[in-house]
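Beneath this line is the structure, given in structure tokens, with notes to follow.
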Amino acid sequence: MTMEVGDIMYMLAHRGLSKRFPENSLTAFQEALRSEFDGVETDVQMTKDGQLVLLHDAKINRTSTGKGKLAQYTYDELLHYNFNCDQHGHYTICLLEDLLRLIQESGKIVNLEIKKEALEGTVEKTVALVEKMHLQSHVYYSSTSITQLDTIKHLSPTSYCGYIVSHHLKKANQVIHDHHFDGIHARHSLLKFNDLLYYQQVGVKVGAWTLKKKKDLVYFKENNIMFVFMNDFIL
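The sequence shown begins at 588 in the numbering used here and counts up by one.
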């Protein structure tokens with residue numbers, strides 16, 4: 588049994604085409620946007636000197652040749668490190684503005700996750716940059732942080748805000764209701780049919796991460812969700 592398919596399901600490359608290229612690198616985004624993906628997902632943080640950059644972890648250890656917390660570095664200092672995620676080649680940390688230019692050129696969409704640990708002012712600068720580049724209709728926000736999402740809604744009431752959860756859907760459902768968020772972005776294994784039916788009934792959009800199998804892609808496409816997140820093509 589499946590629900591009627593309504594809106595288009597967007598396939599987003601998780602941290603860019605991160606199975607094939609270093610995650611959150613400009614190349615990973617370029618290659619994803621040249622492909623059949625509808626857009627990309629990424630993680631926004633801010634450097635010590637106020638530059639908006641794209642990095643998943645609070646520390647740069649895993650993805651670069653450097654060590655320590657991102658927030659302790661200026662952008663120029665970060666340029667000394669190779670963000671190649673232990674792969675071949677040299678990659679610099681990607682600026683949000685550079686990704687947004689790619690979104691402008693491609694006409695596709697981007698899901699910006701504002702990290703819970705991001706420095707104060709990250710949300711304000713991000714929303715301002717999106718508005719400056721006239722990309723409001725191409726940008727969808729998400730976060731594990733209720734505070735970050737509340738701030739986005741205050742600054743840009745019509746912007747899409749998705750609450751990210753890895754467990755406890757019932758608790759998350761109450762948060763979404765109380766804070767008037769637009770969607771839930773959940774670990775795909777949590778999303779059972781009755782959950783998807785509930786979200787459809789109450790008008791909450793759904794994002795499922797991170798898919799690796801075709802059967803899961805088909806299942807969510809049949810069941811009327813808005814986003815699926817993948818590291819690579821699913822054949």
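Glycine included, every Cβ here is placed at the ideal spot set by N, Cα and C.
Beta-bridge analysis with DSSP links CYS681 to LEU641. Taking the CA atoms as reference points, GLU707 sits about 15 Å from TYR660. A straight-line Cα-Cα distance of about 23 Å links ASP803 and THR731. In this structure THR650 is in contact with GLU610, their Cβ atoms being roughly 7 Å apart against a cut-off of 8 Å. By the criterion of at least three beta-carbon pairs nearer than 8 Å, the segment 764-777 is in contact with the segment 796-813.
In the DSSP assignment, VAL793 is bridged to ILE771.
Fewer than three Cβ pairs drawn from the segment 660-678 and the segment 693-713 lie within less than 8 Å of each other, which leaves the two stretches out of contact. Collapsing the DSSP output to three states places ILE696 in a strand. At a Cβ-Cβ threshold of 9 Å, LYS740 and HIS766 count as neighbours. With contacts defined by Cβ atoms closer than 9 Å, GLY749 and HIS772 form a contacting pair. Assigned with DSSP and collapsed to three states, GLU628 falls in strand. According to DSSP, VAL815 shares a beta bridge with MET598, ALA795. According to the DSSP assignment, ILE751 belongs to the beta strand (DSSP E) that extends over 748-752. Non-local beta-carbon contacts of LEU686 in its own chain, meaning distances under 6 Å to residues more than five positions away in sequence, involve PHE616 in chain order. About 7 Å separates the beta carbons of GLU700 and GLU628, which is inside the 8 Å limit, making them a contact pair.
The Cβ atoms of LYS656 and ALA645 lie closer than 9 Å to each other. For THR634, the number of other beta carbons within 10 angstroms of its own is at least 16, and it is reported as buried.
Around the C-beta of THR713, 16 or more other C-beta atoms lie within 10 Å, and the residue is accordingly described as buried.
Just so you know, the alpha carbons of PRO744 and HIS675 end up roughly 43 Å apart. With fewer than 16 neighbouring CB atoms inside 10 Å of its own CB, THR734 falls in the exposed class.
The alpha-carbon separation between LEU642 and ASP630 amounts to approximately 5 Å.
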